Each structure stands twice: as C-alpha cells, then as structure tokens.
Amino acid sequence: MITLGCDIGSLFSKVAVMDGDDIVASGTAATTGNIESEIKDLIDGVLKDAGIDRGNIECTVATGNGADLVKDAGFVEDEVTCVAAAAYFYIDKVDMAIHIGGQSITAMSMDEDGEVTNLMHNDKCASGSGRFLEAMSRKLNIEITDIDPLAAQSDKDVLISNQCAVFAESEVITHVNNGEKLPDIFAGICASVANMVVAQGRRFSSAEDYTLTGGVTRIGSVVDVINSKLSGNYHAFPHDPGLAAAIGAALLGATE
Amino acid sequence: MLFAGIDVGSLTAEAVVLNSGGIISYESMNVLPNPVDSAHEVMGRLLKKQGLGWDDLHYTVSTGYGREKVQEEGMAQQNISEISCHGFGAYTENLEVRTIVDIGGQDAKVIKLNGNGELADFVMNDKCAAGTGHFLEIMCKALGVTLDEIGPMSLSSRKPVRMSNRCSIYVETEVIHYLQRGESKVDLAAGINKAMAERVVALVRRVKVEERVMMTGGVAKNIAVRKELERMLGTRMLDSKIDPQIIGAYGAALLAQREGAR
Amino acid sequence: MEINQQGLFDRVAKIMELIERMQYKLSDEELEGLMNFLPPDSRHSLSAFFESRFRDTSIIFLKAISNWILRARIAPEQGKKAIIVPFNFPVEFIHGFSKAYPITSEVLSTLGVVALEGQGERYWDMAMGLGLPDHICSSNTIELGSMLGSVDFKPQAIVSAAPGGCDVNAKIHEFVSHYLDIPQYILQKPPDDSERGMEAYIKYTNTLISELEEFIGEELSEDRLRSVLGKANRCTELYYELWDLHKARPSPVPNIFSLYIYAIRFSIWGTDEAITALEAMVDLCKKRLEAKAYPAKEERARTLWVYTSYYFDFPNLFNWMEESGYSHLGDGLDLFFPQPVDLSSMDTMVEGLATAAWNMPMTRQVGGESMSRQWTEDVVHSARELNADCAIYCGHHSCKQTWSVVSILRKELMDRLGVPLLILQGDSWIRKMTPISVIQHEIEEFVNNVVSSKKKTKRKLRKRRQNNNQQQGE
Amino acid sequence: MKMEDVLEQAAVMQNEYLKKYKSDGGRVIGYACIATPVEIVEAAGMLPYRLRALGNNRTEIADAHLSRFNCSFCRSVLQLGLDGTYDFLDGLIETNGCDHIRGMFENWQYVNPSEFFHYVRVPHVMTEDSLEYFTNDLRLWSEALQKHFDVAISEDDLWSAIRQQDRIRAKLKKVTEMRERDEPAFTGTEVMAAFLLGTAMMSTDFEKVLDRLIEQRENHKITDIKARLLLGGSATDEVEFLEMIESQGGHISADNLCYGSRAFWGREAGESGDPYAVLAGMYLENLPCPRMFVEFPYRRDLMISSVERAKTDGVILVHNKFCDVHGVDNVQLRLALEKRGIPVLSLEKEYGATADLGRMKTRVQAFLERIAG
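From first to last, the protein sequence lines stand for chains U, B, Y and F. If you're matching positions, the first sequence starts at 1 in the numbering used here and goes up one per residue. If you're matching positions, the second sequence starts at 1 in the numbering used here and goes up one per residue. If you're matching positions, the third sequence starts at 1 in the numbering used here and goes up one per residue. If you're matching positions, the fourth sequence starts at 1 in the numbering used here and goes up one per residue.
Next up, the structure:
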C-alpha cells in the first residue's frame, strides 16, 4: 500500500511517500505565498523523482498548521500524533519525543502502543525555536547548514540568556559588536535552543528513552547539548528528523 | 575644518561629514557582520566619493550599536549614545522639534528635548511588542516586497488585515498563515503598517508628547506608518529636510563639531 | 493628543441600560433587531449569552448584573460610598452596609472586555502609558487603567484582599489608591494553615470592619447583616445544587454557567437578584438533565479548568467547547466552597464573613501556607467529584503565584488521578496575547491525543513495528 | 582583607572564610530576604547565608519547574538549589518575599528537600495585630531551629546577637556615608561587594573586614565623576551591573536595594524588652520592600531623603522582567521623583544577563549624557 504524508508547517512543507513500511520518496519546500500550488508542485516533483504514479497513492494524510490546505487528503492528523507515530515506529523502546518546530517545542510521552499519553508545549516568550535559529543565521549571513560546522569550532562560552527572541537578537548583536567570534556566538545560540529543549524534556521526568525530531535536530551542536543535560537514553531518529511528522502521517495512512 | 559622525546600527550604517557650512556628504549602507568593518566601509565610501582621506577629519563621533568598537579602533575620538545624537540632529534640523520618534533596526525610542535641544527625557522599548525596523524587515521578507514598497502599497488597501498577536515573532507566522490562505498582499501590508504604528504609539504614550514631533530612522520613510501615527497622535509630524535615516550620524557629526571645538 | 476619554464604567453602564430594558423572552428576530444596535465586538461577545438553549436564563443573569452596575452608578448620589473590591473579597461584607456599595474591579474589566467595542484595550494602553509593566494582571489593569487615565466613575475607597494571595493584585490596588488619593483598606491573609492563621485573620477582619464603619459612617447592623448572610446561605445551597448537577454525564450545566456562578459570587452574593439568577440556572440544568440534552453528539471530554478561563471571546471558548463536546466543569474561580453562616450572633456572623473571605478563590488556594498544596487538593477533589477527564490551566502570564507551582499541580494530578493537565498560555482578557484560534487548536490537539486516545481503539502500529523490526533483522 | 579581596570573595558562592567555617564544622543556614532576622541564626551559633544567584543565568533545570513568566532571579536561584550548588547549606528559611520566591522555595523543597526547612511568615501590612503575629512566628522559628539542631537560644544569646548586628549596621552605615561624600571614598560597586560579602560571613568576623575597609579608605578620594546616582529596584546582586554603570562615569552614591542599604537602614534595636518582639518590630517596621502593600509613602520618603542626602543627580530604577512588586513600585516612585524634578531612568532587564548589559548600557549612557549636561 502506497501512502503519502504531507506536513504543512509555517516555514516549510514536507512530504514523505511510503510503500508499506518503506520510505520511498520525500521532499521539502519552503512555503511562501501560493501554498496550494506549492504543495501540488512539491508532491508532483517528489512522485516524479521516485517514478510513482499519482494514481497509485492510496491514501494521503495531511498534518501541520496548514493541513487543511492539502485538498486531496484522505484525512488530517495532529502533528503530535504523527511525530509520536514515526518515533514509535522506528525506535524500539521510545517513551518520549521532543519535537522542535518552527515556532514551538513540543514534548510528548507515549505508551507501549505509540499512543500519546501526555504532551506539553514550551512556554511562550521563548527564543528556543527553529525560527530563532533561522533569524539569527539570516542576521549573521550564515546558511543554516553551516551553523553546525561553525559552532563546532567554538572554544568559548558565549551565553545568550534573553528568553525573548526579540531581545535575544539584540544580545547577539551586542556580542558581535563586542568582537565575539561567530563560532562562539553560534555555539551560544545552539546552547540556548538546546536549553529550552532540556527544560521541556525534564517536564517528563519519568521518560527513559527519548528521541528528538524537527529540522533543528539536524544540527549536531544542539543535539549534543541536549543529550549532555537530559537524563535518559537518546535514540537518534533514523531518518531525516525534519520529515518525522510527514513520515508519521504516511505511516498512519496505512494503519487507519 | 571637517567633522564626522558614524552611526553603526543593527541594520544599517551611516556616515556624515560636515563643516561649518553644513553637510558636505553622507553615505548609507547595510551593515556587515562586524561593526568595525561597517564603519570603515561606509566612511571609506564617503571619503572616496569626496576625494578625502581619514586624516582630513578633524574630529569624529561614533554612535549606534557599534559606537564603542568604532572608537576603540581609532575611527572616532568619542562615542555618544544614539539617543543624544538623534536628539541633537533632529533639533538642529528643525529648532521647533521637542519630541522625536526614532525607529531604528533593533530599538525604538522616543526622545524629548527642551527648548535648548538638550535631552529632557527618553524611553526605549523594553517591553513586548516593540515596533522596530527589524519587525518591518521581517514582514517585508514574508510578503516578498521591499522596505520601500511596503509603505506606498498599503495606502490603497480598503480592508487592512488585523494582526491578532502582540508579539512580533508570532505576527510573522500570522502573516504567513494569511498569505497561505490567500489574503491580498496590499491588505496585509496595510495591516502590518497599522500594527507597527500601534506599537510605536504604545511607546510614545510613555512620555507626554510635546509638540512638535519629528520622526527619524529608516521607518520614518514609510508613508503608511507615518500617516497612521499622525492620525493616532493627532499631530502632523515635522518633515526632516535631510534623509531621516541619517539623522543619527548627522547628530554625531554636529556633536563632533561641538566637542572638537572645545 | 486624541484619545477617547470616556471611561470603562460609564460605557459599560450604557450597555447595561440596554440590557435592563430587554424583555425576559426574546425571539431570534427580536434579538437580532437588538443586536444590530451594537458595534461588532460587542455583538460578537454578547451573542454567547443568547444561545437559544440557555437564552432565558442568561437574560435573568444579565439583568441581575446590570442592576448591580446601575445601582453602583447612582450609589454616590444616594449618599452611599462606592467601594472598589477585588474578586477575592466576599461582597456580602459590603452589602451588609446600607450606606456602601461594592464594585468589583475584575468583574468590571470582564464586562468591559465583553460589552465594549475594542474590548477595553484602550484602558490597558492607558495604564501602560503610565509605564506600568506589561506583565501585570489585565483583569485589574483594564478597569483601573480606565480610572487612572480617563474620565470615569471614581470610587471613594478601595479594599484589598490580595496580600498573601496575589502580589500583582495587591500592588496595583496600592498604586490606584495613591494615584487617585483614596483610602485603601486591607484584609491580609496570613499564609498559615494553622489555627493561629485563622485567629489572626479574624482579628484582621474585625479591624477591617471597624475601619470601614468609620469610613462609611455607619455601624454594621446585626439585623441587616443577618438578612444579607441569610440570602448568602441560600446562594450557598444553590451553589452546591449546581455542583452536583455538574457531576452528571453528559454535563447538563452549560459551559458558560461556570462563569455566571462566580460573576454572581463576586458581585451580588447575598442579594435577592443573586438567588433569582442561581435558581433559574438550577432549573435549566435540571431540565437538561431530565431531557439528557447536550449540545454536541457526544461529550468527548470533561475538562476542569484549574485557575481562570479566557474571557475575550465567549462564543469561541465556552460555546465552541460545548458544541465540540468538551464540557467545561468550572474553573478555579468556582472553587470557593462556601459554608453556611451561623446567623445566631454578630460574632458567629463575623466569623462566617472571615471564613468566607478565607475561602475565596485564589486566597484559599495559593494564599495558603503552601501555594500548591490546597490548590492541588481542591483540584484533585473537584476532578474526582466531577469526573474530569483532563484539567486545563489557562496560564495568564500575570498569575505568577500559579505559574510558580503549576508544575507541582501537573505532577500531582497525574500521579494521584492519572488526569493530564494541559497548560495553555495567554492573557485571559486581552485577545492579542494568544488568539482564540490557537487556544482552540491546543485544546483539540490535547483532547484528540491525550484524552480521547484512552477511549478509542488503539492503532495497530505495534504489530507493524514488530513486523518491520523482524524484516530489518532478517 | 583588602578591597580587591572583598571584590573577589563577594563574587563567589563560597568565599574562603565560609569554606573554612564549614570545614571547621560550622553550620550554615540559607535565607532569602531582608525580612529574615539573622540574629536568630547567629544566636543559635550558625552562619546566616543570604541566597544569591551570583549572576548565574543558566536555568534549564529550574525551567522545568518554574515557568518563564517567573522572574529570572528566582529561576537562577532555583537552578542552583536543584543542581547541588547550594547543598552546602545545613538548613533553609523561607520567607514570603513575593510570589516568585515562594514558588522558588516550593519547587526546591518539592524536588530536593532540605533537611531543615522552616517558613517564616512575614505579614504584608504592619499593624499591631500583624506585629504580634510576626513576633510569635519568630518564636516558632527559633523553637524549630533549637529543636532540630539541638541547640539552645537564650534571651541573652539573642540580645548579644542583636547588639552585634547593631554594630554591623552602624558600620555599614558608615560605609554608605563614605560613599556619599562629595569626593567619595568608595565606589558604589565596592560598597555593593562589601555588602554582599557580609551576607556570607559571621558578623563578628565581617565586622573586622568592615573596620579594615573603613580604615584603609578613610582618606581615599574618587574624582572624575560625571554624575551621582541612586540605584534602586529589585533583587540585584550582580556587581557587574553596577560596574557597567560606574564605568561610564556614573557614581552610585546611594542605593535602595535589598542586597544593599535596605537590609539595615533604619534598623536599630531598642534598649530592652522581649527580644522576639524587638526583632519583629525592627524588621517589620523597617521593611522598605514593595512586598509591603500600604507603605508606599514610607518608601517614597526614604528614597527622596537618600537622593537629597547623597546629592544624587538622578535615579536609576531597575527591575527584573516579570518582577511584579518592583515593576509597579518603580512606576510610583518614578512619578513621585519626577514630580520633584529628579530625573529617573527605568530599566527592565533580564537577571544576570551579562549580554543584556549592552542594551542597558545605551540607556545608562544616554541618561548620563542627559543629567550630566
């Protein structure tokens, strides 16, 4: 059975196609204006690359903020449901997933069937989301993909302590003006994001095995800080963590 | 004798050179990652344009976020806060001005002057929901228009979209959400400018506005924000004859002239 | 500078005049005709009251409240002292004086948000214009901002019962008292659960009585107090009737009634109007219970709100929930568990007043020796009694006392009852902090994932995972 | 001890003296706010240690318990309470300073309970009845302390501790006077460091430090001051914050901070009486903290008299984001000061954020440019 999961976020649209239990195609596109045609183009492109005929898709499941914009979706699932499903499916004994989205961090605990038993979003007034990382890299003219290698060169603790993203940005500018080096600043930015995630994870103190999802977790410097501070065993999500919700949606398409 | 002001902010850097007769030349650019480089570049461009060298500058004052580093690197003899510089620049520009609303890239401030152009009071954004140039910049990016376009385009809106978030971070998502759902860019631009003006007014309320009011900083060029502000404050703003974006650097140069003469 | 200078109280009173003239029974057409007079914000908010399934009862309730406001307006001309009280002060205390009249700042703010075009935000802006921090409580600041910044009804004194229960509240009262130069009287709560705490509290209550007697120029009359507290006792009975009705599945109590209950508690408790309104509410719920009437197909989740709710969009919170099958079993402000007052002597009645004040919401919970203990006990007790599936904390960023310990409440609720707690964030009175659409989304997401999943059949991912893992292993 | 040593020792959690005191078997009792009569701890032969956050602004452990709407000072303290930094304390005294600090204690005890923990319940309004309540509460605390640590506190012990603290208070006052001189003998930063060190020493030994400092600086003169300032507001133990202000030419000639002069100003014990009643009166009647809810005129007059006495050109009122009591009080104070023509700068900042200093610096610099003419 071929299913398609479609995660429409505020910054990116993500698509994953599954044939049974195998991921056969996937793709990501920035969402800007004309979303409906963007989604269509993204899906068409992904299917074309994988050589799958659109007619073979048996079920399309949409998730994310803009899920209602996916016109031919069979049904819509909550993002947490999808993330939990994906995490559960690929990781043997996971009982918590923390999803770092564009604007919020969501921790969710799961039972032995992969059903969400509790969830919690991060506090507002938080500089710890993907959006913050993106804004900072834009500000400092660094590609998101370059953050990790850059932060890895850091040899000094530069603290970003403002919890308001607006003021945190001023703080970053102050650091720049004080002559702090970019690697140190980015390491500081990564740590501030990571600390938000840690606080969130610690709210599920009984969790023993956790995974991290969302595009931000591609950045090793963020993940390293999280793992050094969060108790419990970390299990890396075995596919692109940015696609977790889309994969989960595709998985659920075949289950329902 | 030549005096100079260098204003390195969070988004743009400006340089102004003047003599006793007034402004000789000015220059403006987007900042580089390093404030010292920005200062060097913006003043370098100006000097090159005028066929001058750094040594021709008798006294220079730096201001803005990078003011200290610029001084440390020897490009200025003194650094003065952007609040004083904006105040003095605006006052010299028009002696009637008593209140200045300055919207910079990262900070918004309201400056009050006494009859002698001295700083009488000021407030800066410490609270949520500040309206800054950065806010507009991000919104423009979301809309896919330039900072120059967002003002004029919104004037034709009949039905500005109401932004329902106070926090500027969340407004961005809101704008994307509306875009995804097919709201017109014109109405969104109008909504954004209105939200911006509301934020500025909230700051202005914290000082008792004294006539007359001048708006400086890059956002002053946004006709829609300006009009909305005039409406909300019930006052017509003074026009600055020089580019409102360079008032800070102009003030710095004027203060350099004063300090350098001491 | 152009700012509309008309104050919140005066504007609310105008809307209340309309309500006072309203007929008790209104057809849809008549209602539509009336609503057309109102500006869009007011029309939208007020429409929540007029859902046909509880319209008649709402009108009785609204008339009781409008009567209260309109009497407050004429109180000074009748030689009565208009006294601002906070929500956590038993109003029957002031109703006990013939020459004084209580006005509750939080109720006024809420009415302003509900009834006015622009939702009273301009008054918040006035307070911010003075430089007050944006993390203080909007429930007070909207009304008090109006007093500080506009031409408005001015009270003659302010009573504060918040010291010990809420810093923000107590602080803003102090500010207003100095800014308007009116006397401030205080009933402070010792954070002490022992007998010593109650003893001190009774002393403080007696001191407050003498201070008020002197200010009002009237001795608290035993007969009048007995009459007021007698009516308060009747309100208490009706409160527990509604409490019991809440227990039924599906809940026969309209969601918005949880708000009516404490609106009555905070303004007219101990008056005939209060009794009439509560009786009408009980009647309606009994009828709904008999008919097993519920606005949605099924009751999907029974939610207990642990502190406040959101008040800037009634239709899209209370009524939306109800129509989605989410019962609102009341919130923390309903948890004041009134006790019948012994009317036999002045002493027993004063003790009754002190006990009532001690048990006012917030004072009783976070004003206790521990900020979390009594709060947790009350929520656990209520969740158990009312068969709640989940609890929801509306985290107004101003409520530092509850934000301080909500993590403890969350853990205790889960450990002791297995009831999950959803933590929301947003200003209860200002729509711009968190839009209602976000709040709705989070409630749905929580119910779908955490509450309903317990009921629905499990997905079959487990088996698939095992198969998948086996294949991988092979 | 020289001034440099004071500055250095005030900047660490456990100063050298405290380490030695602990290793010699001394007991240390933590407390949080200036409503706590430290005399009772000293009378029991233990060291009263005022909790600080030392500019720490890592809060990821605390943030799982307190929320981001709680002030960052309290979150920082909780972090230190939960990460083990404060494990050297032998006991902990809670006071209901504000809702944030109550929450801080409650979460600390919920997660990592102290062996000895006692709640001293401080009334929010000063009346005859509340004074009596507070007196009894102090007695209960003393009894609990005696019982748990198996020590005895006699009336004489208490009186001698009161007398000792009276001497400290007098000397702290002397230090502030030296800071207020036209040509000050101390910077505001130095005085703050000395105050802070005093919150982590036995008073008998701290007295010697003060004696030395006063002696060393008796003829010291600081010149080149652009403007004289009063610094007031919420819990500020970040010496670097004062340093930032003074590095720009502002001299902090007076303060109204609880880690500063609020902790001793106006507090003088009477001659005799029930020592608990004396302590209760002394601490509750002189509690210029905005957590008292009807005493604004007292706080206002205290500040105005400080401004006049120390001849300050302006006042900086600071509060940590989400601090309610100071957030509101600072507005009342600003309005009152401005009415008298005294310039005021209001700052809302994040606790301990060293990089927030950049944002603050612009404001302070502009304020100094304004008032220094």
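Here a beta-carbon is modelled for each residue, glycine too, at the ideal position from N, C-alpha and C. Please read these numbers as outputs of a predicted model, since none were measured by experiment.
query                                                                                                                            : result
Simplified DSSP state of N30(B), which is helix, strand or coil                                                                  : strand
For L229(Y) and M349(Y), believed in contact at Cβ under 8 angstroms, the rounded distance                                       : 6 angstroms
Euclidean distance between Cα positions of Y133(F) and C289(F)                                                                   : 19 angstroms
Three-state secondary structure (DSSP) of I256(Y)                                                                                : coil
Proximal residues of chain F, C-beta to C-beta of L119(B) below 8 angstroms                                                      : A366, E369 and R370
Residues bridged to M108(U) [DSSP beta-bridge criterion]                                                                         : A97(U) and L119(U)
Segment contact flag, the segment 185-195 of chain B with the segment 134-147 of chain B, C-beta cutoff 8 angstroms, min 3 pairs : yes
Euclidean distance between Cα positions of R410(Y) and P254(Y)                                                                   : 26 angstroms
Contact with chain Y by Q332(F), beta-carbon distance below 8 angstroms                                                          : yes
Limits of the alpha helix (DSSP H) - the one that C74(F) falls within                                                            : S72 to L82
D125(Y): contacting residues in chain B (beta-carbon distance under 7 angstroms)                                                 : A202 and R205
For F336(Y), the three-state DSSP class (helix, strand or coil)                                                                  : coil
8 angstroms Cβ cutoff, T312(F) in contact with chain B                                                                           : no
Contact with chain F by F132(U), beta-carbon distance below 8 angstroms                                                          : no
Rounded straight-line distance, which links the Cα of C164(U) to that of A15(B)                                                  : 31 angstroms
Minimum Cβ-Cβ distance from L140(U) to chain B less than 8 angstroms                                                             : yes
Straight-line gap, S324(Y) to F37(Y) (C-alpha atoms, nearest Å)                                                                  : 30 angstroms
Chain U within 8 angstroms of S305(F), Cβ atoms only                                                                             : no
Short CB-CB distance (under 8 angstroms) between R166(B) and chain Y                                                             : yes
Cβ-Cβ distance between G102(U) and G66(U) below 8 angstroms                                                                      : no
Three-state secondary structure (DSSP) of A120(B)                                                                                : strand
Straight-line Cα distance separating A354(Y) from K25(Y)                                                                         : 40 angstroms
With 16 other Cβ atoms within 10 Å as the buried cut-off, status of N219(F)                                                      : exposed
Start-to-end residues for the beta strand (DSSP E) that takes in M324(B)                                                         : Any answer about residue 324(B) is impossible in this case: the structure gives chain B only from 1 up to 262.
Alpha helix (DSSP H) segment containing F149(F), residue limits                                                                  : E128 to F149
Opening and closing residue of the beta strand (DSSP E) in which A191(U) lies                                                    : No beta strand (DSSP E) contains A191(U), which is instead part of the alpha helix (DSSP H) from L182 to R202.
CB of I80(B) within 8 angstroms of CB of A252(B), strictly                                                                       : yes
Close Cβ partners of H319(F) (< 7 angstroms) along its chain, the five nearest in sequence each way excluded                     : G233, S234, H326, G327, N330 and E348
9 angstroms Cβ cut-off: residues of chain U touching N256(F)                                                                     : By Cβ distance, chain U contributes nothing, its closest Cβ being about 25 angstroms from N256(F), past 9 angstroms.
Any beta strand (DSSP E) of 3 or more consecutive residues that is wholly inside the segment 378-439 of chain Y                  : 390-395 and 421-425
Contacts of N266(U) in chain Y (Cβ-Cβ under 8 angstroms)                                                                         : Absent from the structure is residue 266(U), since the part of chain U shown begins at 1 and ends at 256.
Min CB distance D148(B) to chain F below 8 angstroms                                                                             : no
Test item: CB-CB of K49(B) and S25(B) under 8 angstroms                                                                          : yes
Cβ-based burial, P244(B) [other Cβ within 10 Å; buried from 16]                                                                  : buried
Unbroken alpha helix (DSSP H) run spanning F215(Y), endpoints                                                                    : E195 to I216
Every unbroken alpha helix (DSSP H) inside the segment 7-64 of chain F [4 residues or more]                                      : 16-23 and 38-43
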